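Enquirer: Start counting the sequence shown at 1333; every next residue gets the next number (my numbering).
Heads up, the beta-carbon is just placed ideally off N, CA and C, and yes, glycines get one too.
Predicted model, so just to flag it, every value in this text is computed and none were measured.
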Amino acid sequence: MQDMLAVQDGTFPMDQAVIEALPCVFTSVSIDPFGISAWTDTGRLVAEQDDGCKRHFFLKVAYGEHGGVMLRGEFESAKEIYKVAPGFIPKPYSYGRYKSAHPITYFYMSEFIDMDITTATDPVELGSRLSEIHKRSASPTGKFGFHVVTCDGKMPQTVGWQSSWADFFGRLLQGICKLELETNGPWPEMERATQQLVDNVIPRLLGDLRHNGEPIKPCIIHGDLWEQNLGVNMNTGDLVMYDVGSYYAHNDMDLGLWGADFCSHFRSKVYTTHYLRFYPAAEPLEEFDDRNRLYSLKGTINYSAGHSGSVVRQSYVLMLVS
1333 MQDMLAVQDG TFPMDQAVIE ALPCVFTSVS IDPFGISAWT DTGRLVAEQD
1383 DGCKRHFFLK VAYGEHGGVM LRGEFESAKE IYKVAPGFIP KPYSYGRYKS
1433 AHPITYFYMS EFIDMDITTA TDPVELGSRL SEIHKRSASP TGKFGFHVVT
1483 CDGKMPQTVG WQSSWADFFG RLLQGICKLE LETNGPWPEM ERATQQLVDN
1533 VIPRLLGDLR HNGEPIKPCI IHGDLWEQNL GVNMNTGDLV MYDVGSYYAH
1583 NDMDLGLWGA DFCSHFRSKV YTTHYLRFYP AAEPLEEFDD RNRLYSLKGT
1633 INYSAGHSGS VVRQSYVLML VS
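In structure tokens form, the structure reads like this:
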């Protein structure tokens, strides 16, 4: 069995726990580093059966207890999305901890899909497929939130269940602002503006959202939806999402990131326009742009929290005080 654990080029961390988590029995297993990830190590695992048939899996590993939080959140998020859109996300297989004690290592294994990640996303396909996830999914509790902590990048999100979307979003925003201040240091102007948002703006804009006269219902969202988390399946040509950090939210939350400074072609209004053709905005319609701007703050602050000294910090403080 030790031969099965050998890494082809000696660089990718492998463990018996991964072998035991494979969905079938295989005679040999090899793995190579594959892809680029800011917070984890990623690889392509090739498992061969007695008859010579090979299956490919995607393996992601992260270190320390926080690494476990990140990967558990991604695994649970992917399972929820796969339930309603199995062709839109790689099939999640397993999550666990390596048996080796040092360093503490966690893994997440999914289906491997060969993807083109350089081609600009088709706005019609994205609008159609994303809106279907939002329409088909339903919160198991009827509330906004998630059953485990999920992460946006490496930053843990405050996703405890809340009956009110305004309350949930306020807690979510306060949570990421706290992490941003820990990363980049105190900024009284930002702290005052954030508190004003939570006390006044969020209840005003999000307190009574409706679809067709009925209160909005929580749906599953990607949670970190931008160009770098979408690709095209090289075999089918279909759009694929990955690197999810989900929770049950107002569906428009997935659109908020598209206006962030670090996005590129998603900043074009064509993406939002086509999405809204499939899933019209909540009422009041005339406040959609204000809500979208509010939602974009979360992603921008999260980016700053994960990148010490980022110039993005100044841009969102200007958004807060304007």
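Relative to the C-alpha of Gly-1485, which candidate in Asp-1556, His-1597, Cys-1595 and Leu-1354 has its C-alpha closest?
Expert: Comparing Cα-Cα distances from Gly-1485 to each of Asp-1556, His-1597, Cys-1595 and Leu-1354, the minimum goes to Asp-1556.
Enquirer: Using alpha carbons as the reference points, say which of Asp-1373, Thr-1372 and Asp-1383 lies closest to Phe-1358.
Expert: The residue with the shortest Cα to Cα distance from Phe-1358 is Asp-1383.
Enquirer: Closest to Gly-1459 by CA distance: which of Val-1491, Arg-1542, Leu-1608 and Ile-1553 is it?
Expert: Taking only the C-alpha atoms, the option nearest Gly-1459 is Leu-1608.
Enquirer: Looking only at its chain, what residues have a beta carbon closer than 6 angstroms to the beta carbon of Asn-1634, apart from the 5 residues adjacent to it on each side?
Expert: Closer than 6 angstroms at the Cβ level, and outside the excluded window around Asn-1634, lie Asp-1484, Met-1487 and Ile-1508.
Enquirer: For the alpha helix (DSSP H) that Ala-1525 lies in, which residues bound it at each end?
Expert: Start and end: 1520-1528.
Enquirer: My output table needs one value for Gln-1494: the three-state DSSP class, helix, strand or coil.
Expert: It is a strand residue.
Enquirer: Enumerated in chain order, which unbroken segments of the alpha helix (DSSP H) with a length of 4 residues or greater are wholly contained in the stretch 1605-1650?
Expert: Those alpha helix (DSSP H) runs which fall completely within the stretch 1605-1650 and span 4+ residues are 1620-1638.
Enquirer: Would DSSP call Leu-1562 helix, strand or coil?
Expert: Three-state DSSP puts Leu-1562 in a strand.
Enquirer: Assign Thr-1450 to one of three DSSP states: helix, strand, or coil.
Expert: In this structure, Thr-1450 counts as coil in the three-state DSSP scheme.
Enquirer: Could you tell me the alpha carbon to alpha carbon distance between Phe-1439 and Ile-1465, rounded to whole angstroms?
Expert: About 26 angstroms.
Enquirer: Taking all protein chains shown into account, do 16 or more other C-beta atoms lie within 10 angstroms of the C-beta of Thr-1437, making it buried, or fewer, making it exposed?
Expert: So Thr-1437 counts as buried.
Enquirer: Between the beta-carbon of Leu-1511 and the beta-carbon of Trp-1558, is there less than 7 angstroms?
Expert: Their beta carbons are not under 7 angstroms apart, which means Leu-1511 does not touch Trp-1558 by this criterion.
Enquirer: Taking 7 angstroms as the limit between beta carbons, can you name the residues of its chain near Phe-1501, skipping five residues before and five after?
Expert: Contacts found: Ile-1534 and Leu-1538.
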